[in-house]
Amino acid sequence: MSMLSELEGDYAGSVISMQQKKETEIKIENLSMVYQDKNGGKPVTALKNVNLDIRQGEFISLLGPSGCGKTTLLRLIADLLQPTEGRISVSGQTPREVRLQKKYGIVFQNPVLYDWRTVRRNVCMPMEIMGMEKADRTAQVTKMLELVGLLNFGKHYPYELSGGMQQRVGIARALAIDPEILLMDEPFSALDEFTREKLHIDLLDIWTKTEKTVVFVTHNISEAVFLSDRVVVLSPHPGRVSAVIDIDIPRPRNMESKQTQKFYDYITKIRNSFEGV
Ligand SMILES: Nc1ncnc2c1ncn2[C@@H]1O[C@H](COP(=O)(O)OP(=O)(O)OP(=O)(O)O)[C@@H](O)[C@H]1O
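Per our numbering, the sequence shown starts with residue 73, numbered consecutively.
Next comes the structure, spelled out in structure tokens:
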């Protein structure tokens, strides 16, 4: 082994051990979710016996075809739904406690911005609700807009922004209250490919700077591989974890990472794991 590859080996080892050393933050145990049909139809088992540990500071994706329960799992973590069986704990607390302490930031597929508020006032909204001092709010809005690259658009209204810019506002708003965990539900699926690729790079940059734990829902294999430390593959009827795949592609990742053999291999491996589902 050359000196260089020895060094690379050491470095790779230290990155892996750093990741492994991180503590479990979100613990999901024997989780099941059955939706009752309000019209008397058959109940739908959206998730069955899901077990998963999510580490602090990790970027993890929940990947699977439509209807496999990705959104349901994210909403259970967020305390927007209650499970039929099993439990979720977040650093020893219940999802409700975590939600009430404003430790979740949530980004939806559609950023749902208030049309009559400027970008600054949209980002400010959760801080107003929390009763934060005006001077602190103003400083935080500036910091968040800088983070998402929209500092010059603070006085614009949502209709004056592109879809990608609106989604950036959604991310800035979710991060404004400095949550510990960022929950993202297919945030880029409505965007064109070019905008999505740009936002992937920007999101990874934001994640590196803020060190949040990110739980990212997607049905796009390439997106999941590019962004994540681990990809959780869910299979439908009922939704269950069929594979958890470590993505050992070096960071920082860039467009060139997508042209590597490793990247293709992960995509093939994940695609194969769906076969027969
Ligand atoms: N409120 C609800 N009432 C009844 N059934 C529901 C409800 N929400 C979801 N379901 C059902 O639960 C299953 C999982 O839905 P969920 O939205 O979590 O899947 P998903 O993987 O996020 O799908 P998609 O990628 O299409 O958003 C589906 O069969 C869905 O029809």
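Cβ atoms here follow ideal geometry from the backbone N, Cα and C, with glycine treated the same way.
Coarse secondary structure for Val213, derived from DSSP in three states: In this structure, Val213 counts as helix in the three-state DSSP scheme.
Assigned secondary structure, Asp274 (DSSP; H/G/I helix, E/B strand, else coil): helix
Beta-carbon separation (whole angstroms), Glu258 vs Thr290, contact threshold 8 Å: Correct: roughly 6 Å between the Cβ atoms.
With 16 other Cβ atoms within 10 Å as the buried cut-off, status of Gly242: buried
Where the alpha helix (DSSP H) containing Ile149 begins and where it ends: Under the DSSP assignment, Ile149 falls in the alpha helix (DSSP H) whose first and last residues are Lys142 to Ile149.
Spatial distance of Thr117 from Leu306 (CA atoms): 14 Å
Coarse secondary structure for Arg302, derived from DSSP in three states: strand
Own chain, CB closer than 8 Å to Arg343, minus 5 neighbours either side, in chain order: Ile293
Nearest candidate by alpha-carbon position, reference Leu217, set Ile278, Phe266, Phe180 and Gly136: Ile278
For Val316, three-class secondary structure by DSSP: strand
Of the listed residues Gly235, Pro198, Glu295 and Arg189, nearest to Leu135 (C-alpha basis): Glu295
Nearest-angstrom Cβ-Cβ length linking Val162 and Glu97, presumed shorter than 8 Å: 6 Å
Reference Leu172, options Pro137, Leu146 and Pro251, closest by Cα: Pro251
Closest by C-alpha distance to Ile249, when choosing among Gly113, Pro183, His272 and Val195: Comparing alpha-carbon positions, the option among Gly113, Pro183, His272 and Val195 lying closest to Ile249 turns out to be Val195.
Residue nearest to Ser104 in terms of C-alpha spacing, selected from Arg147, Gly158 and Leu124: Gly158
For Phe260, the three-state DSSP class (helix, strand or coil): Correct three-state label for Phe260: coil.
Paired residues, beta bridge with Glu101 - DSSP: Arg159
Gly242, DSSP secondary structure in three states: helix
Whether Ile321 touches Ser300 by CB criterion (7 Å): No, they are not a contact pair.
Neighbourhood of Gln108 by C-beta distance below 6 Å, restricted to the same chain and skipping five residues each side: Within the same chain, and ignoring the five residues on either side of Gln108 in sequence, the residues whose Cβ sits closer than 6 Å to its Cβ are Pro115.
Distance cut-off 6 Å: Gly235 Cβ against heavy atoms of ligand 1: Answer for Gly235: no, Cβ out of range of ligand 1.
In DSSP terms, what Val381 is bridged to: Nothing in the structure corresponds to residue 381, since the chain is present only between 73 and 349.
Option nearest Pro308 by Cα separation, candidates Asn102, Lys120 and Gln333: Lys120
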